[in-house]
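Report on the structure given below.
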Amino acid sequence: MLAFGRIVAASFRQYSTYRVATVAGVFTNSIFGLIRASILLAAISTAGGELRGYDALQAATYVWLGQALLAPIEAFGTREVAERVHEGDIAVDLLRPMGFLRLHYARKLGRSAFLLLARGIPPMLVGALLTGITLPTDPLSWLLGLLAVVLAITVAFLADLIVNLTAFWLVQTRGLTVVYTAVMNLLSGFLIPIAWFPDQLIALTRATPFPAMVQTPIDALSGRLTPLETLPQVGIQVAWAAVLTVGAWLLLRAGTRSLEVQGG
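So this is what it looks like as structure tokens:
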């Protein structure tokens, strides 16, 4: 556990050195948030001031909380593990004293912690000043909301890792990553609230892990769900984290059985 914590801290420090990229990310995130907010607010105005349970302030809160989660969950996917598989560097990871999944999860937590603080919260503050946001006042809602954020990062990490681990069998994973990213951004509730989907699509979406990545933490932190209503959603996040952990472990085990690295 001590080694795990040190890797988390080292990953946090590593990403804190990219100051120019951080500032650029905050600026881009804020502009993108303003564009999204204007579109959703226009839709609500056209609908008469309320659309499926969202008024203007709730929609603005949804947008800015989503922007805060964009970088920590890495909504546009990663390719680091896939590249390490293709280049053979994964052989080094497999020889480390810490397990592969724990190692990369520790790095993910450190990276996401920095991204949340440095690139997630500043755009949310911009949104609070320009459009206003609403947040819960109940301390229990904050506690469950923060837990939901950690679990959202975990579920997103595992799902993305599974996509990356297909590199054991695919020469190029870029196409699969693009498809996964498009589906995840839609079904997670990042682009528009899941409540705005057609009823049939809502049922399909709820059967996937994607809402656990974005919609659940947003609902918890925006106050749309009471603590009692949040608990089952957090339970669903935990269940998906367990299922995806098993899936990632099985893929890793199958892949390493057939792994061949030139020179040894």
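Per the numbering used here, the very first residue in the sequence shown carries number 3; after that it's consecutive.
Ideal Cβ placement from N, Cα and C applies to all residues, glycine included.
Looking only at DSSP bridge pairs, what is residue 56 linked to?
Residue pairing from DSSP places residue 56 in a beta bridge opposite 53.
Which stretch, first to last residue, makes up the alpha helix (DSSP H) that contains residue 29?
Where residue 29 is concerned, the enclosing alpha helix (DSSP H) starts and stops at 21 to 48.
Using CA coordinates, which residue listed in 24, 165 and 253 is at the minimum distance from residue 82?
Nearest to residue 82 by alpha-carbon distance, out of 24, 165 and 253, is 165.
Range covered by the alpha helix (DSSP H) that runs through residue 156:
Run containing residue 156: 141 to 167, per the alpha helix (DSSP H) assignment.
Using the C-alpha atoms, what's the distance from residue 89 back to residue 229?
Taking the straight line from one Cα to the other gives about 46 Å.
What does the alpha-carbon distance come out to for the pair residue 169 and residue 254?
Straight-line Cα distance between these residues: approximately 10 Å.
Closer than 8 Å is the cut-off here; do at least three beta carbon pairs connect the region 226 to 245 with the region 138 to 151?
The answer is yes - the region 138 to 151 touches the region 226 to 245, with three or more Cβ pairs under 8 Å.
Top-ranked residue by Cα proximity to residue 40, from 64, 24, 21 and 22:
Minimum Cα distance to residue 40 is reached at 64.
Output needed for residue 100: all residues of its chain with C-beta closer than 8 Å, excluding positions within five of it in sequence on either side, in chain order.
Counting only Cβ-Cβ distances below 8 Å, and skipping sequence neighbours, we find 5, 6, 9 and 108.
From 260, 257, 221 and 234, pick the residue whose C-alpha is nearest to that of residue 71; which is it?
It is 221.
Within a Cβ cutoff of 6 Å, which residues of the same chain sit near residue 15, ignoring the five residues on either side of it in sequence?
Nothing meets the Cβ criterion.
Return the residue from the list 173, 154 and 207 that minimises the CA-CA distance to residue 239.
Cα-wise, what sits closest to residue 239 is 154.
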